[in-house]
Amino acid sequence: MAEPSNDLLLDVRDLAVHFPIKRGLVLDRTVGYVYAVDGVSLQVRRGETYGLVGESGCGKSTLGRAILRLVDPTAGTVEFDGVDVAQLAGERLRTMRRRFQMVFQDPMSSLDPRQSVESMLLEGIKAHGLSRGPEADSDRLRELVGAVGLPASALRRYPHEFSGGQRQRLGIARALSVEPDLIVADEPVSALDVSVQAQVLNLLGRLQADLGLTYLVIAHDLAVVRHVSDRIGVMYLGGIVEEAPSQALYDDPQHPYTKALLSAIPVPDPELEDQRERILLTGDLPSPAAPPQGCRFHTRCPWRQPTRCDSERPELRVIPGGPDGHRVACHWAEEIRSGALQPHRVEPAAVADDVLGPGAVPEHPGSVTEILGR
Ligand SMILES: Nc1ncnc2c1ncn2[C@@H]1O[C@H](COP(=O)(O)OP(=O)(O)OP(=O)(O)O)[C@@H](O)[C@H]1O
Ligand code: SF4
Ligand SMILES: [Mg+2]
120 MAEPSNDLLL DVRDLAVHFP IKRGLVLDRT VGYVYAVDGV SLQVRRGETY
170 GLVGESGCGK STLGRAILRL VDPTAGTVEF DGVDVAQLAG ERLRTMRRRF
220 QMVFQDPMSS LDPRQSVESM LLEGIKAHGL SRGPEADSDR LRELVGAVGL
270 PASALRRYPH EFSGGQRQRL GIARALSVEP DLIVADEPVS ALDVSVQAQV
320 LNLLGRLQAD LGLTYLVIAH DLAVVRHVSD RIGVMYLGGI VEEAPSQALY
370 DDPQHPYTKA LLSAIPVPDP ELEDQRERIL LTGDLPSPAA PPQGCRFHTR
420 CPWRQPTRCD SERPELRVIP GGPDGHRVAC HWAEEIRSGA LQPHRVEPAA
470 VADDVLGPGA VPEHPGSVTE ILGR
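Going by the numbering used here, the first residue of the sequence shown is number 120, and it counts up by one from there.
Shown next as structure tokens:
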């Protein structure tokens with residue numbers, strides 16, 4: 120992790136992405152929306168790594184894509200280096216796009232199998248007007264593959280000739296080829312063997328230190344984001360419920376959902392493991408097409424109260440007297456922190472499978488996390 124500066128590179132305010140759900144013979148009627156991202160504000164400083172974590176389907180990828188203008192936001196603003204990205208079009212958007220790049224989970228699906236590494240990297244460089252003539256370009260390509268730990272001979276090869284870890288290195292080289300400021304890495308190591316994961320994460324860290332990059336790293340695996348992030352945002356059903364410096368989030372989680380997520384991870388020390396408070400969440404993740412009113416987490420929250428929780432959506436806020444740099448979206452964060460409120464049993468609420476009736480597409484099965492409910 121590099122030392123982040125104080126100036127903002129990315130400033131996201133009240134961002135929403137609602138996907139229409141269509142029905143009818145020619146899918147001509149909008150019968151509802153998937154509230155994939157619903158009111159997210161986050162700021163990322165230059166040189167910082169911001170980790171985004173949450174269960175499958177909570178909206179992490181959609182948020183990443185909306186930030187890069189790969190999907191159009193329904194509402195809200197995304198300012199990149201002081202410029203509102205939503206207002207850009209044509210050449211100005213294209214120029215801006217060079218400055219933010221994405222690294223995907225499955226590099227194979229984003230690499231063209233018929234293109235050699237050399238031609239793939241050159242394509243990006245030329246498309247963004249960064250070509251400096253054949254000789255300088257050739258030096259640059261060698262430098263790029265070298266930077267991601269591959270030999271110069273890799274340039275003549277094709278994606279299928281590489282292992283998964285090497286392909287992810289190529290994905291990173293491609294992102295780097297256009298000299299970006301921000302890289303959004305969406306599950307960058309989820310498809311890799313555990314032994315290779317650390318190598319790729321270390322590579323990302325080294326490149327950040329060398330090149331002053333800013334990262335938004337998306338992962339469902341808490342260990343991955345913890346390892347690389349300066350700060351972490353925890354997402355639940357389209358919103359950020361807690362945000363804190365990485366270590367502080369793990370040492371002293373404030374939001375009931377974060378507490379539950381962390382309590383489900385075994386710790387290596389058997390004595391500590393025995394003493395730990397386990398918070399098991401009951402009930403499935405509600406569908407993002409029919410998110411609960413009020414606090415989105417109230418259907419599963421062991422601290423839920425009869426007032427406010429099911430009627431008023433809590434804002435992400437600093438808790439007065441709470442830990443530094445923590446922001447929490449819970450009405451009762453102070454009382455939970457002081458111990459004045461204790462967790463209680465939650466009756467699992469039924470989650471409707473088919474909230475919009477037959478024939479509505481796309482379908483959104485309420486997904487259950489790999490971590491929760493273990
Ligand atoms: N193009 C789309 N059209 C309609 N619904 C979509 C679209 N893309 C995503 N969704 C829905 O939006 C919700 C959020 O999806 P998203 O892929 O952002 O979640 P995620 O947190 O990245 O999940 P995962 O960890 O499984 O990758 C899901 O219910 C998903 O089905
Ligand atoms: S607002 Fe209520 S339901 Fe939501 S996390 Fe806090 S206590 Fe739980
Ligand atoms: Mg995703």
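Yeah, the Cβ is synthetic: ideal placement off N, Cα and C, and Gly gets one too.
Nonlocal neighbours in the same chain, by C-beta distance under 7 Å from residue i, ignoring five residues either side
i: Arg419; result: Leu400, Thr401, Gly402 and Val465
i: His417; result: Pro411, Arg423, Cys428 and Asp429
i: Asp130; result: Gln162 and Glu198
i: Gly284; result: Leu311, Val315, Gln318 and Val319
i: Gly444; result: Ala363, Pro364 and Ala367
i: Lys378; result: Pro372 and Ile398
i: Ser296; result: Leu240, Gly243, Ile244 and Leu263
i: Arg276; result: Ser235 and Val236
i: His247; result: Arg217 and Val297
i: Arg148; result: Lys141 and Arg142
Three-way DSSP call (helix, strand, coil) for residue i in this model
i: Ala194; result: strand
i: His346; result: helix
i: Gln162; result: strand
i: Tyr376; result: helix
i: His417; result: coil
i: Thr214; result: helix
i: Gly176; result: coil
i: Val437; result: coil
i: Ala452; result: helix
i: Thr168; result: strand
i: Ala155; result: strand
i: Leu127; result: strand
i: Ala363; result: strand
i: Arg427; result: coil
i: His279; result: helix
i: Ile291; result: helix
i: Thr181; result: helix
i: Pro385; result: coil
i: Ala266; result: helix
i: Ala408; result: coil
i: Ser296; result: helix
i: Arg188; result: coil
i: Ala317; result: helix
i: Ile398; result: coil
i: Ser272; result: helix
Selection from the options that minimises the alpha carbon distance to residue i
i: Ala185; options: Ala408, Leu332, Asp305 and Glu262; result: Asp305
i: Leu381; options: Val344, Leu356, Leu260 and Arg325; result: Val344
i: Ala271; options: Asp258, Glu280 and Ser282; result: Asp258
i: Phe138; options: Val159, Thr193 and Leu171; result: Thr193
i: Ala363; options: Thr168, Pro299 and Gly458; result: Thr168
i: Gly357; options: Asp371, Ile398, Gly143 and Cys414; result: Cys414
i: Met354; options: Pro442, Pro375, Lys141 and Ala367; result: Pro375
i: Arg188; options: Gly201, Cys177, Gly252 and Met215; result: Met215
i: Asp191; options: Leu212, Cys177 and Val172; result: Leu212
i: Pro439; options: Ser457, Arg432 and Thr426; result: Ser457
i: His346; options: Gly170, Leu146, Gly158 and Val150; result: Gly170
i: Ala409; options: Cys177, Arg148 and Leu128; result: Cys177
i: Val267; options: Arg325, Thr333 and Ala246; result: Arg325
i: Gln224; options: Ser309, Val156 and Ala208; result: Ser309
i: Val172; options: Leu207, Arg251, Asp147 and Leu335; result: Leu335
i: Ser348; options: Val360, Gln327 and Ile359; result: Gln327
i: Val156; options: Lys141, Leu144 and Lys179; result: Lys179
i: Leu128; options: Asp203, Gly352 and Gly151; result: Asp203
Chain-order list of residues whose beta-carbon lies under 6 Å from that of residue i (same chain, five-residue window excluded)
i: Gly183; result: Val303, Asp305 and Ile337
i: Leu230; result: Pro278
i: Gly195; result: Arg132, Asp133, Leu134 and Ala135
i: Pro462; result: Pro421 and Trp422
i: Pro442; result: Ala367 and Asp371
Which residues DSSP lists as bridging residue i, in chain order
i: Tyr355; result: Gly358
i: Ile302; result: Gln220 and Tyr334
i: Arg555; result: Since the first residue shown for the chain is 120 and the last is 493, residue 555 is missing from the structure and cannot be characterised.
i: Asp203; result: Glu198
i: Arg446; result: Glu362
Own chain, CB closer than 8 Å to residue i, minus 5 neighbours either side, in chain order
i: Val222; result: Gln287, Gly290, Ile291, Ala294, Ile302, Val303, Ala304, Asp305 and Pro307
i: Leu460; result: Trp422, Gln424, Trp451 and Glu454
i: Leu274; result: Ser235, Val236, Glu237, Leu240, Leu260, Arg261 and Val264
i: Asp126; result: Arg164 and Arg165
i: Thr488; result: For Thr488, the predicted structure reports a pLDDT of 29, less than 50, and the residue's modelled location is therefore unreliable. The matter cannot be settled from this model.
i: Val386; result: Glu392 and Arg395
i: Leu330; result: Leu295
Proximity test, Cβ basis, 7 Å: residue i and chain B
i: Tyr334; result: Among the protein chains of the structure shown there is no chain B, as only one such chain exists.
Handout entry: Any heavy atom of ligand 3 within less than 7 Å of residue CB: hits in chain order
Key = That gives Lys179, Ser180, Asp305, Glu306 and Ile337.
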